[in-house]
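To start, the structure itself, in structure tokens.
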Amino acid sequence: MFLVILVVGGLKAQALVNGLMKHRVLTNPQMLIFKENEQPTVEQWPIVVLKFGKYSSNSEWRKYQEISDDLGQTHYRVRQYYQGIPSFLSTGIIHTKQGKILSINGDFVSESQFSGKKVLDEAAALKLALLDLPATKYYWEDAGQNEALQMATGIADTTYFPKGKLIYVSKGMNLGGVHRLCYQFDVMASEPLAGKSIFVDAESGEIIASNDLILHGDSKGTAVTKYSGTQKIITDSTSTTNFRLREMGRGTGIETYNLKKGTTYASGVDFTDADNTWNNVNANKDEVATDAHWGAEMTYDYYKNVHSRNSYDGNGAKILSYVHYSTNYNNAFWDGTRMTYGDGDGTTFTPLTALDVCGHEITHAVTTNTANLVYSNESGALNESFSDVFGQTIEIWARPTKYSWRIGEDITPSGNGIRSMVNPNLFSHPKYYM
Numbered sequence: 134m135f136l137v138i139l140v141v142g143g144l145k146a147q148a149l150v151n152g153l154m155k156h157r158v159l160t161n162p163q164m165l166i167f168k169e170n171e172q173p174t175v176e177q178w179p180i181v182v183l184k185f186g187k188y189s190s191n192s193e194w195r196k197y198q199e200i201s202d203d204l205g206q207t208h209y210r211v212r213q214y215y216q217g218i219p220s221f222l223s224t225g226i227i228h229t230k231q232g233k234i235l236s237i238n239g240d241f242v243s244e245s246q247f248s249g250k251k252v253l254d255e256a257a258a259l260k261l262a263l264l265d266l267p268a269t270k271y272y273w274e275d276a277g278q279n280e281a282l283q284m285a286t287g288i289a290d291t292t293y294f295p296k297g298k299l300i301y302v303s304k305g306m307n308l309g310g311v312h313r314l315c316y317q318f319d320v321m322a323s324e325p326l327a328g329k330s331i332f333v334d335a336e337s338g339e340i341i342a343s344n345d346l347i348l349h350g351d352s353k354g355t356a357v358t359k360y361s362g363t364q365k366i367i368t369d370s371t372s373t374t375n376f377r378l379r380e381m382g383r384g385t386g387i388e389t390y391n392l393k394k395g396t397t398y399a400s401g402v403d404f405t406d407a408d409n410t411w412n413n414v415n416a417n418k419d420e421v422a423t424d425a426h427w428g429a430e431m432t433y434d435y436y437k438n439v440h441s442r443n444s445y446d447g448n449g450a451k452i453l454s455y456v457h458y459s460t461n462y463n464n465a466f467w468d469g470t471r472m473t474y475g476d477g478d479g480t481t482f483t484p485l486t487a488l489d490v491c492g493h494e495i496t497h498a499v500t501t502n503t504a505n506l507v508y509s510n511e512s513g514a515l516n517e518s519f520s521d522v523f524g525q526t527i528e529i530w531a532r533p534t535k536y537s538w539r540i541g542e543d544i545t546p547s548g549n550g551i552r553s554m555v556n557p558n559l560f561s562h563p564k565y566y567m
């Protein structure tokens, strides 16, 4: 920390601060803290950021998210635009209270790091992107997948067909490297299952970087769940003798569907029960559906009651869960729209609908809608770690008489789990974040 002189238009030329924290990679500092009696007004944040990063008229910072917390603070998330084009990695946060700026922090990429020009058109760039994610079938080639997306988003004409947008990003997501002008395509494939944001250099056609879109975890009725005993759940009744795993009391809803070992979401059907006592133990393992449904309810309740957060996006987004994905599928994932759970192969994993897994996957959705940690390198590791931490926290909060400090203990036949929160070294994971 040291004092600096920062002159901001409309402010007095004086020492504003001014504690600075050096960035581990970038030339510009990572954080600036203002002295209490010299805090700029909220309206001055664009000027503050421009001065902070020594930016010219080529750069503009735009607010893309605003979040208020229980401490009376409001936080603005902002992104850099260089010559009118957004930067994927250059983002910051403006921390404010009562109309004053308390501090700013983030990754403020210098203008000298931006490079490239548009030579390729969008169609040519897309062909190169698809070569990076070959598949026998893509989501947009399946009308059912497009229909499911339209239902989930409420946008009638949307499809999964990749649309390129110009954006700056550095090779391998290396923040300190050269940030090239690229096309970004979000590509989803169903056979084999994969999803990536692919960044194609708009000048050379080189694949500069990619970012996973499918985020994997390591993997008033009564529900007799597989993993959490008998629990109370909320369902929807279509008649006095037909109930389904849907509810509208939390956010805009929590819904749980049966994929019947398929992989097309539009083919998902309701789990149903005749008396609203869900003890559906059968050869299809349908009892695990209530684990997913109750797990989603408990995860919603945890974030709402503990953190005052209304669903994963803070605005009551519907939580969709799809169970019985594919055959012997040893994973669970959040793909940006929904949670999906495989049944496991019975040797490596049993059905992956345990409470800590549900909390883990839905926390990926929270992360996407808050910090939006890129699923790569250090930020990708943090993304997974936060899901582990909150998945475990949700398990303890919702199931205080039955929990352990291991991740995935319910879904491994041995009961050993796949990670330990007490001794990470048991599974060859580091104890410390260095």
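According to the numbering used here, the sequence shown is numbered sequentially starting from 134.
For each residue, glycine too, the CB sits at the ideal point set by N, CA and C.
In the DSSP assignment, M431 falls within the unbroken alpha helix (DSSP H) covering V421 to H440.
Classified as buried, P173 has 16 or more neighbouring CB atoms from the shown chains inside 10 Å of its CB. DSSP, read as helix, strand or coil, puts E542 in coil. For secondary structure counted as the beta strand (DSSP E) over 3 or more consecutive residues, the region 151-214 holds these complete runs in sequence order: 152-154, 164-166 and 192-201.
Here G382 is exposed. Its C-beta has fewer than 16 other C-beta atoms within 10 Å. Taking one beta carbon from each stretch, the region 522-529 and the region 486-498 have 3 or more pairs nearer than 8 Å; the two touch.
For T229, the enclosing beta strand (DSSP E) stretches over residues I218 to K230.
Rounded to whole angstroms, the separation of the alpha carbons of Y197 and R212 is 7 Å.
Looking at the DSSP output, M284 bridges to nothing. The straight-line gap separating the alpha-carbon atoms of N443 and L253 is approximately 42 Å.
For R532, DSSP records no beta bridge to any residue. Here S520 carries a helix assignment [DSSP, helix/strand/coil].
Counting the other CB atoms within 10 Å of its CB gives A258 a total of 16 or more, which places it among the buried residues. Nearest neighbour of S370 by Cα position, chosen from D345, A407 and K393, turns out to be A407. Between the alpha carbons of P563 and K365 lies a distance of about 38 Å. DSSP places K365 in the uninterrupted beta strand (DSSP E) bounded by T363 to I366. In its chain, beyond the 5 residues on either side, G401 and Y455 have a beta carbon closer than 6 Å to the beta carbon of Y390. Between the C-alpha atoms of E176 and G232 there is a straight-line separation of about 8 Å. Pairing K394 with T460 gives a Cβ-Cβ distance under 8 Å. In chain order, A285, Y398, L453, S454 and Y455 place their CB closer than 8 Å to the CB of R471, counting only its own chain and leaving out the 5 sequence neighbours on each side.
Residue state for D265 is assigned as helix, using DSSP reduced to three classes. Between the beta-carbon of G309 and that of L159 there is about 6 Å, and that keeps the pair under the 8 Å contact cut. Considering only T291, L346, G550 and E528, the residue with the shortest C-alpha distance to F482 is G550. By alpha-carbon distance to I227, the top candidate from S201, V242, H426 and Q246 is S201. Secondary structure note for I551: it is in no alpha helix (DSSP H), with a DSSP letter that is neither H nor E.
Taking 8 Å as the upper bound for CB-CB distance, L263 and V320 are in contact here, some 7 Å apart. Counting along the chain, the unbroken beta strand (DSSP E) around D369 starts and ends at D369 to S372.
Excluding the 5 residues flanking it on each side, F332 has same chain C-beta neighbours closer than 6 Å at V302, C315, Q317, I341 and A342, in chain order.
Between the C-alpha atoms of L153 and E169 there is a straight-line separation of about 15 Å. In the DSSP assignment, H312 forms a beta bridge with F247 and S303. According to DSSP, residue pairing for L348 in a beta bridge involves W467. Minimum Cα-Cα distance from L266 among the listed residues I218, I237 and G328 corresponds to G328. For a cut-off of 8 Å, the C-beta gap from D434 to Y360 is around 18 Å, too long to register as a contact. Annotation: the continuous beta strand (DSSP E) that includes H457 extends over I452 to Y458. Straight-line spacing of the CA atoms in T224 and D345 works out to 19 Å. Under DSSP, the beta-bridge partners assigned to D403 are Y390.
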